[in-house]
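Trainee: Residue 88 in UniProt numbering sits at position 88 of the sequence shown, and the numbers go up by one each step.
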Amino acid sequence: MKVVFSGGGTGGHIYPALATIEAWQQQDSTLEVLYIGGERGLEKEIVPGAGVAFKAVKIQGFVRKLSLENFKTVYLFLQAVQKAKQMLRDFQPDVVVGTGGYVSGPVLYAAQLLKIPTVIHEQNSVVGITNKFLSRHVTKVGVAFPAALSAFKNATVVGNPRAQQVVSANGQNNFTLEALELATDIPTALIFGGSQGAPKINQAVVAALPRLNQAQYQVVFATGKNRYAALQDELTHQQITVGSQVKIVPYIANMQELMPLVDVVVGRAGATSLAEQTALGKPMILIPSPYVTNDHQTKNAQSMVDAGAAILLREAELNGNHLADALDEIMLAPTKQQAMAQSSATLGIPDAANQFISLIQTALVTK
Numbered sequence: 001m002k003v004v005f006s007g008g009g010t011g012g013h014i015y016p017a018l019a020t021i022e023a024w025q026q027q028d029s030t031l032e033v034l035y036i037g038g039e040r041g042l043e044k045e046i047v048p049g050a051g052v053a054f055k056a057v058k059i060q061g062f063v064r065k066l067s068l069e070n071f072k073t074v075y076l077f078l079q080a081v082q083k084a085k086q087m088l089r090d091f092q093p094d095v096v097v098g099t100g101g102y103v104s105g106p107v108l109y110a111a112q113l114l115k116i117p118t119v120i121h122e123q124n125s126v127v128g129i130t131n132k133f134l135s136r137h138v139t140k141v142g143v144a145f146p147a148a149l150s151a152f153k154n155a156t157v158v159g160n161p162r163a164q165q166v167v168s169a170n171g172q173n174n175f176t177l178e179a180l181e182l183a184t185d186i187p188t189a190l191i192f193g194g195s196q197g198a199p200k201i202n203q204a205v206v207a208a209l210p211r212l213n214q215a216q217y218q219v220v221f222a223t224g225k226n227r228y229a230a231l232q233d234e235l236t237h238q239q240i241t242v243g244s245q246v247k248i249v250p251y252i253a254n255m256q257e258l259m260p261l262v263d264v265v266v267g268r269a270g271a272t273s274l275a276e277q278t279a280l281g282k283p284m285i286l287i288p289s290p291y292v293t294n295d296h297q298t299k300n301a302q303s304m305v306d307a308g309a310a311i312l313l314r315e316a317e318l319n320g321n322h323l324a325d326a327l328d329e330i331m332l333a334p335t336k337q338q339a340m341a342q343s344s345a346t347l348g349i350p351d352a353a354n355q356f357i358s359l360i361q362t363a364l365v366t367k
């Protein structure tokens, strides 16, 4: 079996593909995989680092307004289609899988021109522009959220494959809270704004510290690698001390190992993060990024709130008291926390990668 994967630009498009590849290779050691990404996307570093064969095409996204730059985008798209067609002819895949991001557009379009079965995966509640474009001619569609079903004719809810990696890591965990100098017998909240951090979340945590220092629970707070020094300077400037039950770190490299150990997660509402947290049944306090396309994080978060798994805090209204109040509402109410955890687990699809693989295999049967 030969499979081409394509997706990139952000980790949210890359990691579901890699999770699917990993699970499939565990099922079939003879599987041959080629990943086609962009020359400038994160996938250029991440995919080869995961041991997956990688080739690149030159492509850029459309500017969402009238611009001469879009003429260049169309030209690059057509060039990328031709280059992708040659890569596909050389590799001869049985199926081509797209996980979103503009780079998947020319690759899957090339596959469709060559009559190769194609499958796409949509991670968000709001369908991305590339997947919308491709959906008219793909063989199968997998979605992470039921809310996305209505955008496609032939879609199936399979969850986000990244969830399966997190669940697989749980139970093989040598990491402990003691490694962060925290207690193992006190309820724990994790706060993070993604690998780069989020200024508004960081500001809210600083403002909430006087209350968090006195709380009946402990907190792990990741500032983002490039924001740690500035936050420490701000704490010094405001003469705010950090209590022993609050651990502030720049970045958490072993997030998969830490996540099962915490009771509540505070952060953004990206599709991959939500897949990980629901697979583990974690109650959530979600602060959607207002800077993403079509405000899709707010819609992702609302689906969690509607199911009883999360509290939604809007960034524009976020402050220290709002954050501390939301934490207290869950952390100090065990019955509510348990109910939210059960709701979260109901939303999770812990075998999402296997479900997506099965869907891809049906595309081969129907070709």
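Just so you know, even glycine gets a beta-carbon here, dropped at the ideal spot from N, CA and C.
With a CB to CB cut of under 6 Å and the five nearest residues on each side skipped, what residues in its chain are close to A310?
Mentor: Closer than 6 Å at the Cβ level, and outside the excluded window around A310, lie M284, L286 and M304.
Trainee: Just to check my reading of the structure: A19 and Q164 have Cβ atoms closer than 8 Å, yes? What is that Cβ distance to the nearest angstrom?
Mentor: Indeed they touch by this definition, with Cβ atoms about 6 Å apart.
Trainee: Could you check how far apart the C-beta atoms of G142 and H121 are, in whole angstroms? I think they sit under 8 Å.
Mentor: About 5 Å separates the two Cβ atoms, so the contact holds.
Trainee: Nearest-angstrom Cα distance between K55 and G37?
Mentor: About 6 Å.
Trainee: Using the Cα positions of V81 and L88, report the straight-line distance between them to the nearest angstrom.
Mentor: V81 and L88: Cα-Cα distance of roughly 10 Å.
Trainee: Terminal residues of the continuous alpha helix (DSSP H) containing H322?
Mentor: Element bounds for H322: G320 to M331.
Trainee: Taking Cβ to Cβ, would you say P288 is nearer than 8 Å to R268?
Mentor: For P288 and R268, yes; Cβs fall inside 8 Å.
Trainee: Measuring straight from C-alpha to C-alpha, what distance separates Q123 and Y291?
Mentor: Approximately 17 Å, taken between the alpha carbons.
Trainee: With burial defined as no fewer than 16 other Cβ atoms inside 10 Å of the residue's Cβ, what is the status of V97: buried or exposed?
Mentor: Buried is the call here.
Trainee: Taking the DSSP output, what are the residues bridged to S6?
Mentor: The partner list for S6 (beta bridge, DSSP) reads I36 and G98.
Trainee: From the DSSP output, which residues share a beta bridge with M284?
Mentor: M284 is bridged to V265 and A310.
Trainee: Output the boundary residues of the alpha helix (DSSP H) element that contains T335.
Mentor: Per DSSP, T335 belongs to the alpha helix (DSSP H) from P334 to L347.
Trainee: In the DSSP output, what is L190 paired with across the bridge?
Mentor: Partner(s): V220 and V265.
Trainee: Using the Cβ count rule (16 or more neighbours within 10 Å means buried), how would you classify H237?
Mentor: Exposed is the call here.
Trainee: With I248 as the anchor, note down where its beta strand (DSSP E) starts and where it stops.
Mentor: I248 -> beta strand (DSSP E) spans V246 to V249.
Trainee: Using a 10 Å radius around the Cβ and a threshold of 16 neighbouring Cβ atoms, would you call Y15 buried or exposed?
Mentor: By the neighbour-count rule (16 or more Cβ atoms within 10 Å), Y15 is buried.
Trainee: Thinking C-alpha only, which one of I330, V205, V167 and K140 is nearest A275?
Mentor: The residue with the shortest Cα to Cα distance from A275 is V167.
Trainee: Out of N354, G9 and N300, which has the shortest C-alpha to C-alpha gap to R40?
Mentor: Nearest of N354, G9 and N300 to R40, Cα basis: G9.
Trainee: On the criterion of 16 or more Cβ atoms from any shown chain inside 10 Å, does residue 418 qualify as buried, or is it exposed?
Mentor: Within the shown structure, residues of the chain are numbered from 1 to 367, placing residue 418 beyond reach of any answer.
Trainee: Got a sec, what are the start and stop residues for the alpha helix (DSSP H) T30 sits in?
Mentor: Per DSSP, T30 belongs to no alpha helix (DSSP H) and is neither H nor E.
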